[in-house]
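First up is the structure itself, then whatever we jot down about it.
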Amino acid sequence: QVQLVESGGGLVQAGGSLRHSCAASGIIFRMNTMGWYRQAPGKQRELVAKITRAGRTNYADSVKGRFTISRDNAKNTVYLQMNSLKPEDTAVYYCNADNWTVSSWGQGTQVTVSS
Numbered sequence: 043q044v045q046l047v048e049s050g051g052g053l054v055q056a057g058g059s060l061r062h063s064c065a066a067s068g069i070i071f072r073m074n075t076m077g078w079y080r081q082a083p084g085k086q087r088e089l090v091a092k093i094t095r096a097g098r099t100n101y102a103d104s105v106k107g108r109f110t111i112s113r114d115n116a117k118n119t120v121y122l123q124m125n126s127l128k129p130e131d132t133a134v135y136y137c138n139a140d141n142w143t144v145s146s147w148g149q150g151t152q153v154t155v156s157s
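Below, the structure written as structure tokens:
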């Protein structure tokens with residue numbers, strides 16, 4: 043059974059930082075592209091960042107230079123460091139694991155950035 047357990051959301055002032063973690067079980071972690079997505083109220087879920095099995099990263103234009111995705115295959119964990127947060131980063135953030143056959147999602151964690 044696949045489980046993606048997220049932590050690290052919360053309330054922060056604009057300009058602040060947060061770090062998300064997503065611990066995976068039930069998958070061969072190193073064989074998955076790991077990603078972070080977000081969904082704001084009234085909007086569609088969108089890609090924030092992803093990191094491939096080889097460690098290549100891809101970011102949404104809106105977060106480039108502010109967010110960093112990383113992975114620790116020994117700990118089956120993916121991270122999202124979010125700096126210089128803006129009110130428009132407010133959303134529910136979801137962890138995703140994709141091995142080209144199965145795509146799995148975490149439960150989501152709320153991030154609220156106050157102005």
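Numbering (this note's numbering), first residue to last: 43 to 157.
Even glycine gets a Cβ: it sits at the ideal position worked out from N, Cα and C.
Residues near residue i by beta carbon distance below 6 Å, same chain, minus five either side
i       : result
Tyr-136 : Tyr-79, Trp-147, Gly-148 and Gly-150
Gln-55  : Ser-156
Thr-132 : Thr-154 and Val-155
Val-134 : Gln-81, Gly-150 and Gln-152
Ile-111 : Ala-91, Ile-93, Thr-99 and Leu-122
Per-residue DSSP class, three states only, for residue i
i       : result
Arg-80  : strand
Arg-61  : strand
Asp-114 : strand
Asp-103 : coil
Expected contact under 8 Å - CB spacing of residue i and residue j to nearest Å
i      : j       : result
Gly-57 : Leu-122 : With a Cβ gap of about 17 Å, Gly-57 and Leu-122 do not count as contacting.
Beta-carbon gap between residue i and residue j smaller than 8 Å
i       : j       : result
Met-76  : Lys-92  : yes
Leu-60  : Met-124 : yes
Phe-71  : Asn-138 : no
Gly-51  : Val-144 : no
Val-105 : Val-120 : no
Neighbourhood of residue i by C-beta distance below 7 Å, restricted to the same chain and skipping five residues each side
i       : result
Gln-43  : Gly-68
Gly-107 : none
Thr-94  : Thr-75
Contacting residues, own chain, Cβ-Cβ under 8 Å from residue i (five flanking each side not counted)
i       : result
Pro-129 : Ala-56, Val-155, Ser-156 and Ser-157
Asn-141 : Ile-69, Ile-70, Met-73, Asn-74 and Thr-75
Notebook entry, point to check: Taking one C-beta from the region 96-116 and one from the region 45-54 each time, how about it: are there three or more such pairs within less than 8 Å?
Noted result: Counting C-beta pairs with one atom in each stretch, the region 96-116 and the region 45-54 have fewer than three that are closer than 8 Å, which means they do not touch.
message: Across the region 51-66 and the region 80-89, are there enough close Cβ pairs to call them in contact, namely three or more that are closer than 8 Å?
response: no
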